[in-house]
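Going letter by letter, the sequence shown gives residues 518 to 771 in my numbering.
Where is the CB? At the ideal position from N, CA and C, for every residue including glycine.
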Amino acid sequence: MATCIRETKGFPMIEGELFPEKQLGQVFKCDAFDGIRKIDSKTIDLCILDPNYQDWDTLINKGIIELVMDKVKDDGNILAFSRQPFDYQVSTKIRPFHRRTFIWSFTNGGAWVSKRLPLVSFQTIFWFSKSKNSFIDVRTGLSYANKTKATKRKSKIFGGWKSEGKNFSPSGEGTWLRDHYHFNKPNTGEVPSKLYELSKIFVKCFCPEGGTLLDPFAGSGIFCKTAQEIGRKFIGFERDEKFFVKNEVILWQP
Ligand SMILES: C[S@@+](CC[C@H](N)C(=O)[O-])C[C@H]1O[C@@H](n2cnc3c(N)ncnc32)[C@H](O)[C@@H]1O
């Protein structure tokens, strides 16, 4: 089926079907729902859901979880980003498919959800999948970089597991996937972005080499950029021109 291109406010939009194999490696300017619906079922290895957190309730009511579950392969993964108090809806919705929750804490850039409530200085990242046989590579393969050293309980990154009698051998080339990361937020000016190191850990651990990442709320495009860098395919969507034009990955080109 041919893809029909339409110019909207100076940006190309797509009508008709997307063909992931042909159109991978790009971030499209469009609404997440419109974009996701055009993706074939069971073609995605890792879906990143990182919307504006106050929208979670609406997105869930509009069926975002069912929609992405359909696009993800049977052994694929979904990572949903949120923070208090918006994470309640996500955790409730995904309960039957929930695998683990990750915490990303930071000492800069905390959010005041209300003046009468505590400052929120961590984000929750929910991992869920259709099957417990989903792809996972617990070694990130990241170098023991300075930022990784800042991770709490750092002594356990390499050697701690074995000395505690756990049946893991230390990783010479990288760190183990863990459930708590402490990285400060990047200072990326106008475009709020997830941290590169964090994106690399998650893409490496939850998307196999050569696999396909879907990022329907792409923002700065950091997950797509990371996927491209480490040999994964990607497709992204972003509706806001401001973020779209500043996106560092390949944008849709006629
Ligand atoms: C939390 S930010 C994503 C940050 C991104 N992961 C990064 O690290 O740069 C959420 C993004 O989703 C976009 N967005 C929100 N609702 C959307 C929708 N319905 N369709 C497409 N993009 C949407 C917003 O414009 C914003 O850029």
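Alpha carbon of residue 556 to alpha carbon of residue 588, nearest angstrom: Whole-angstrom Cα-Cα distance: 7 Å.
Simplified DSSP assignment, three categories, for residue 592: Here residue 592 sits in strand by DSSP.
Neighbourhood of residue 710 by C-beta, 6 Å cutoff - its chain only, sequence neighbours within 5 removed: Within the same chain, residue 710 has close Cβ partners 703, 737, 739.
Residue from 599, 759, 561, 724 whose Cα sits closest to the Cα of residue 628: Per the Cα distances, 599.
Reference residue 576, options 562, 595, 601, 607, closest by Cα: Here the closest residue by C-alpha is 607.
Cβ-based burial, residue 696 [other Cβ within 10 Å; buried from 16]: Exposed.
Where residue 755 falls: helix, strand or coil (DSSP): Strand.
Any non-hydrogen atom of ligand 1 closer than 7 Å to residue 739 Cβ: Answer for residue 739: yes, Cβ within range of ligand 1.
Three-state class that DSSP yields for residue 665 in the structure shown: In this predicted model, residue 665 has a pLDDT of only 46, less than 50, meaning its place in the structure is not dependable enough to derive any value.
For residue 731, the three-state DSSP class (helix, strand or coil): Taken through DSSP and simplified to helix, strand or coil, residue 731 comes out as strand.
Sub-8 Å separation of residue 645 and residue 603 beta-carbons: Not closer than 8 Å, so no.
Residue 694 beta carbon less than 8 Å from that of residue 655: In this structure, residue 655 places its C-beta atom within 8 Å of the C-beta atom of residue 694.
Rounded separation between residue 720 and residue 551 - CA only: Each residue's Cα considered, the two are about 24 Å apart.
Proximity below 8 Å, CB of residue 585 to CB of residue 620: Not closer than 8 Å, so no.
Three-way DSSP call (helix, strand, coil) for residue 600 in this model: Here residue 600 sits in coil by DSSP.
Proximity of residue 567 and residue 725 at Cβ, strictly below 8 Å: No; because the gap between Cβ atoms is not below 8 Å, this pair is not in contact.
Under 8 Å between C-beta atoms of residue 652 and residue 591: Taking 8 Å as the Cβ cut-off, residue 652 and residue 591 do not qualify as a contacting pair.
Expected contact under 8 Å - CB spacing of residue 786 and residue 546 to nearest Å: Any question about residue 786 goes unanswered here, given that the chain covers just 518 to 771.
Residue 742 to residue 723 span [Cα, whole Å]: One C-alpha to the other measures close to 16 Å.
Secondary structure, beta strand (DSSP E): runs of 3+ residues fully inside the segment 634-658: Qualifying beta strand (DSSP E) stretches, in chain order: 639-646.
Environment of residue 596 [buried if 16+ CB atoms lie within 10 Å]: Buried, by the Cβ-count rule.
Buried versus exposed, by CB contacts within 10 Å (16 or more), residue 701: By the neighbour-count rule (16 or more Cβ atoms within 10 Å), residue 701 is not buried but exposed.
Endpoints, the beta strand (DSSP E) within which residue 622 is located: Residue 622 -> beta strand (DSSP E) spans 615-622.
Of the residues 625, 594, 637, the one placed nearest residue 729, counting alpha carbons only: Checking every option, the nearest Cα to that of residue 729 belongs to 594.
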